[in-house]
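In terms of numbering that gives the first Met the number 0, the sequence shown opens at residue 0 and continues consecutively.
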Amino acid sequence: MDLNYSEEDQAFRAEVRAWLEEHLTGDWLALRGLGGPGRDHEAHEERVAWNRLLAEHGWTCLGWPTEHGGRGLSLVQQVIFHEEYARADAPVRVNHLGEELLGPTLIAFGSEEQKRRFLPKIVAVEELWAQGYSEPNAGSDLANVQTKARLEGSADDGEWVIDGQKVWTSNAHESQWVFVVARTEPGSERHRGLSFLLVPIDQDGVEVRPIEQLTGGSEFNEVFFTGARTAADLVVGEPGDGWKVAMALLGFERGVSVLGQVVGFVRELDALLDVAKQNGAIEDPVVRDRLASLAVELDVIRFQALRGLSSDDPGQDSIFKLVWANWHKRLGEVAMDVVGADGLTAGAPYDLDRWQRLFLFSRADTIYGGSDEVQRNILAERVLGLPREARG
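Given below as structure tokens:
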């Protein structure tokens, strides 16, 4: 990626910054810094309203082609938007799964009717989506999916009937739809016989059970399908092609928003440095050395992210996930050293501060979105060409 921004890019950065300065004021100002991992429960309805304001002004789906409601912006300009959005400390957006994952997947694999039905509502933030991938015995080993779906009636006017369970389904309790990987060919195993279905959540056959986390929130859910139904034509791609579609969607997962994620990390580290200076922890040479190491590593992570965006190397996503997840977990550990004994107690009823929440939630960073072990296997097998790990 060319790191020299053109005049057009600089003008776009100024446009984004000016819009945020103008609109992130008044009642919206109270939303600054809200949301994100472990904090998605914060001001959800207000953040939905903010996201709809973004949509009204053309700040959603920036990289989508214009014929599908996007702005068709360049990769560099998308990066600029996410950087400026993070620098403004704007509230974390609620539409990531629809905008960054499902939308591009429908553009690539969906039927024309599916695109007409779903893409405009994603752009306008009128429908929110959840991701129905993981199951109790199919997390990192996604090919072990056991949720089943059978077609009743014809492919034109029939329905898929779905039975099974998904888990760790982020924000399903706040979503209207879920995209589900289900086994549609009886007797099939592993990657074969899977289909990618679009399923409405608000129906008798779908039960969503929030899972209370250590951080006090419940953004993850169990979702039970008991005779749940969706229209026969709401399969993306052909029946049986679900693995191909599901893997393509994951390819969109770590896109241009990663640079905004890095800016968010910079903000967290700067805030922790302020605490260390105020309470004197910065005088401890060990703590000071660990904070300095975090700052240096974060610069490396930013350049790794840029490298990944400009490379076709299939291992870049796995490398980036490994480095940022472990960095963020170390940040949480250093935060506990900085705040000292105060980090050991919580207010009543279980009222965590930002550093306790960071420490607890960052323990999951190396698990969700593909565990460290899975990322290392991907690098070993698909990039380095080493023998495949033995599988049961």
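Positions of the beta carbon are idealized from the N, C-alpha and C atoms, including for glycine.
- Just so you know, the alpha carbons of Arg289 and Phe117 end up roughly 47 Å apart.
- The DSSP-derived three-state label of Trp242 is helix.
- Taking Gly241 as the centre and dropping the five residues before and after it, the same chain places the C-beta of Val180, Leu193, Ser194 and Phe195 closer than 6 Å to its C-beta, in chain order.
- Cβ neighbours of His172 within its own chain (closer than 6 Å, five residues either side excluded): Val207, Pro209 and Asn220.
- Boundaries of the alpha helix (DSSP H) around Ser317: Gln315 to Val338.
- When DSSP states are grouped into helix, strand and coil, Val144 belongs to the coil group.
- Taking each of Gln76, Val75, Val78 and His56 in turn and checking the Cα distance to Gly68, the smallest one comes out for His56.
- Boundaries of the beta strand (DSSP E) around Ala230: Asn220 to Ala230.
- Here Tyr349 is exposed. Its C-beta has fewer than 16 other C-beta atoms within 10 Å.
- Contact between Ala340 and Thr365 fails: their C-beta atoms lie close to 27 Å from each other, not under 8 Å.
- With respect to Thr59, Glu98 sits close: the two C-beta atoms are nearer than 8 Å.
- In the structure shown, Ile161 falls within a strand segment according to DSSP collapsed to helix, strand and coil.
- A direct Cα-to-Cα measurement between Arg182 and Ser110 gives close to 21 Å.
- For Pro103, no beta strand (DSSP E) encloses it; the enclosing alpha helix (DSSP H) starts and ends at Gly102 to Phe108.
- Annotated three-state conformation of Pro199 is strand, per DSSP.
- In the three-state scheme derived from DSSP, where H, G and I count as helix and E and B as strand, Glu237 is classed as coil.
- Here Gln164 is buried, its C-beta having at least 16 other C-beta atoms within 10 Å.
- Gly259 is positioned such that its CB atom lies closer than 8 Å to that of Ala85.
- Closest in C-alpha terms to Val177, from the list Gln77, Ala280 and Thr168, comes Thr168.
- DSSP places Arg182 within a strand segment (E or B) once states are collapsed to three.
- For the pair Ala89 and Leu19, the CB atoms are nearer than the 8 Å cut-off.
- Around the CB of Pro36, 16 or more other CB atoms lie within 10 Å, so the residue is classed as buried.
- Burial of Val15 is indicated by the presence of at least 16 other C-beta atoms within 10 angstroms of its C-beta.
- When secondary structure is reduced to three states using DSSP, Trp128 falls in the strand class.
- Trp63 and Glu184 have their alpha carbons spaced roughly 33 Å apart.
- Short of 8 Å from the beta carbon of Arg191, and not among the five residues preceding or following it, lie these beta carbons of its own chain, in chain order: Glu184, Gly239 and Trp242.
- Residue Ile161 holds the alpha-carbon nearest to the alpha-carbon of Thr225 among Ala270, Gln303 and Ile161.
- Taking the Cα positions, Ala379 is about 42 Å away from Ala13.
- Inter-residue distance for Ala363 and Gly152 is about 43 Å (C-alpha atoms, whole angstroms).
- At least 8 Å separates the beta-carbon of Arg46 from that of Leu61.
- Of the other Cβ atoms in all chains shown, 16 or more fall within 10 Å of the Cβ of Pro103; this residue is therefore buried.
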